[in-house]
Amino acid sequence: MSLHLGDIAPDFTADTQLGEISFHDWKGDSWAILFSHPADKTPVCTTEMGRFAQLEGEFTKRGVKLLGLSVDTVEEHHAWIPEIEEFKDTKVNYPIIADADQKVSQLYDMIHPGEGDSSSVRSVFVIDNENKIRLMMIYPKSTGRNFDEIIRVVDALQTTDKQQVATGADWKPGDKLIIPPVISTADAQEKYNDVEEIYPYLRFTTGRK
C-alpha cells in the first residue's frame, strides 16, 4: 500500500506485549509515532527500542504516544524487553506490535524486498491528532535513527500548526519562524509580533500575537 503525507493513517487491530489494541481507538486524539524494526534481539534495534523508552517522557509532554512494531511474536517480545531495559537502564512502557503475519507491515509498506529479506525496514510515521500522516522517514536496517531529529520534527510540526508558520533549515524551538509566502507583508504585520523581511518571499518572525 502506497501512503502519502496527508493521508489518514490506516486503522488496524494487532496484538502487543501489553494486549490487543485497535490503533485509532488506542491513539484517541493524541499524536502518535509508529516505528518498525527488522527483528527482536538484533543489535541496532535494541539500542533504538531502549532510546525510545528513555525519551518516552519527552514525547508524552508533546502529547505523542509511541507504538513499536517488529515481525516477531508476543512471546519473543516478552523475552527481548528485559534485555532492552537492562542495556539502557530504563523501562519499556509503550506497546510493541507483534506482526508475525506482517499484516501491519504490509499495510504501511514496511517490507522492502530490496533490503534482503521479509523483515520490516526502519520506518517512522508521525501521525497527528486527526489521524493524518504528517511525516515519514525510512532508514535502512543497518542504520540507527536520529532521535533528536524525531523530537525536532514533532516540535516543528506542532509549532507550524499552532502558529501558521514554516520552519527553516535546522530549526529548533526558540529559533525564528518563517512567514508563509501566501501571507502578505501587510497581513503579517497584523498577525505576528514582528516581521523581519530579508526578501519579499523570505520573512521571519518570533511568532503570532
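Count along the sequence shown from 1, then add 65; that gives the number in this note's numbering. Ideal Cβ placement from N, Cα and C applies to all residues, glycine included.
If you follow the alpha helix (DSSP H) that residue i is in, where does it begin and where does it stop?
| i | result |
| --- | --- |
| R217 | 212–228 |
| L134 | That residue, L134, is in no alpha helix (DSSP H); its beta strand (DSSP E) goes 129–135. |
Among all the DSSP beta bridges, which residues are the ones paired with residue i?
| i | result |
| --- | --- |
| R273 | Y257 |
| A163 | S135 |
| M202 | V189 |
| W96 | V129 |
| L267 | Y264 |
| E140 | DSSP, once it has assigned bridges, lists no residue as partnering E140. |
| A79 | I86 |
| S101 | L134 |
| L242 | T270 |
| I73 | K197 |
| A231 | I243 |
Whose C-alpha, out of the options, is nearest the C-alpha of residue i?
| i | options | result |
| --- | --- | --- |
| D154 | F117, F269, S188, H143 | F117 |
| Q171 | L134, K197, E140 | L134 |
| E141 | T107, Q228, T125 | T107 |
| A234 | V157, D226, I162, V218 | V218 |
| G209 | P103, I176, D220, G272 | P103 |
| G84 | K168, N158, N211 | N158 |
| S95 | V169, V129, N211, S87 | V129 |
| E150 | R127, I176, L70, T111 | T111 |
| D252 | R268, A74, G71, F152 | R268 |
| M114 | K92, Q167, I161, P75 | I161 |
| D80 | V169, I73, T125 | V169 |
| I263 | K256, I243, K274, R273 | I243 |
| G93 | F212, E195, N211 | E195 |
| E123 | D105, T232, S249, F212 | F212 |
| E148 | P238, H89, T78, D105 | D105 |
| T239 | E255, Q228, S249 | Looking at the sequence itself, residue 239 is Gly, so the reference to Thr does not match. When each option's Cα is compared against that of G239, the closest is Q228. |
| Q119 | Q167, I216, W91 | I216 |
Note down, in chain order, each residue of its chain lying with its Cβ closer than 8 Å to the Cβ of residue i, except the 5 sequence neighbours on either side.
| i | result |
| --- | --- |
| L222 | V191, D193, R199, L200 |
| Y266 | P246 |
| E121 | L131, N158, Y159 |
| D259 | T270, T271 |
| D72 | K197, I198 |
| S67 | D174 |
| F77 | S87, F88, K168, V169, L172 |
| K237 | R217, D220 |
Output needed for residue i: all residues of its chain with C-beta closer than 6 Å, excluding positions within five of it in sequence on either side, in chain order.
| i | result |
| --- | --- |
| H143 | Q82 |
| V189 | F100, M202 |
| Y257 | T270, R273 |
Closer than 7 Å by C-beta to residue i: which residues in its own chain qualify, once you throw out the five before and the five after it? Chain order, please.
| i | result |
| --- | --- |
| D226 | none |
| F152 | T111, G115 |
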